[in-house]
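Engineer: My numbering puts the first residue of the sequence shown at 4, with every later residue one more than the last.
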Amino acid sequence: APVPADEAAELLAPWARRYNGYLVMNRTFYRFNEQTCRGLAQNGRVWRHEASGTVMVAGARFQSDKGLHIALLEGDRARGLAFAQLLARQRGAGRLVCNFALENAELESFVRQNGFAVTGGDLMTMDIRL
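1) Please go through the same chain and pick out, in chain order, the residues whose beta-carbon is closer than 7 Å to the beta-carbon of V114, but skip the five residues on each side of it.
2) Between the beta-carbon of N117 and the beta-carbon of A63, is there less than 8 Å?
3) Return the chain-ordered list of same chain residues with a C-beta closer than 8 Å to the C-beta of A4, the five sequence neighbours on each side being excluded.
4) Straight-line CA distance for N107 to R98?
5) Between which two residues does the beta strand (DSSP E) harbouring V114 extend?
6) Buried or exposed: V121, going by 16 or more other Cβ atoms within 10 Å of its Cβ?
7) If you draw a straight line from the C-alpha of V27 to the C-alpha of V6, how long is it?
8) Between the C-alpha atoms of P17 and L90, what's the straight-line distance to the nearest angstrom?
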């Protein structure tokens, strides 16, 4: 079910640290805060399955026919991935993309076990901690 905007920040907050404070969609970094969570929900990008505790943020900032981007996937990841595949098919997206922090080894292991592969592109993410 889509998550209402007024519930999104509280629902997503427990995972902010695991995602290094950012949600990544279409190579765009969204700071993990109340305004971002609200905006993502208003745009129909925050989903949950209450019975299983599954939470997903997915969508596309542009070129939605080229790919559905998973920015957060927690809870029953298999259920969430199945739903993401359904969304991608419904929207005519040709692929699923998942960006996450290198420290999120659990998510990396899960997506690799489910057919995701490193794209091999030259995209690098750099930051400076102040």
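Glycine included, C-beta positions come from ideal geometry on N, C-alpha and C. All figures in this text were calculated on a predicted structure; none of them were measured in a lab.
Structural biologist: Per the coordinate set shown:
1) C101
2) no
3) W50, R51, H52 and E53
4) 21 Å
5) That residue, V114, is in no beta strand (DSSP E); its alpha helix (DSSP H) goes A108 to Q116.
6) exposed
7) 19 Å
8) Distance between the alpha carbons of P17 and L90 is about 24 Å.
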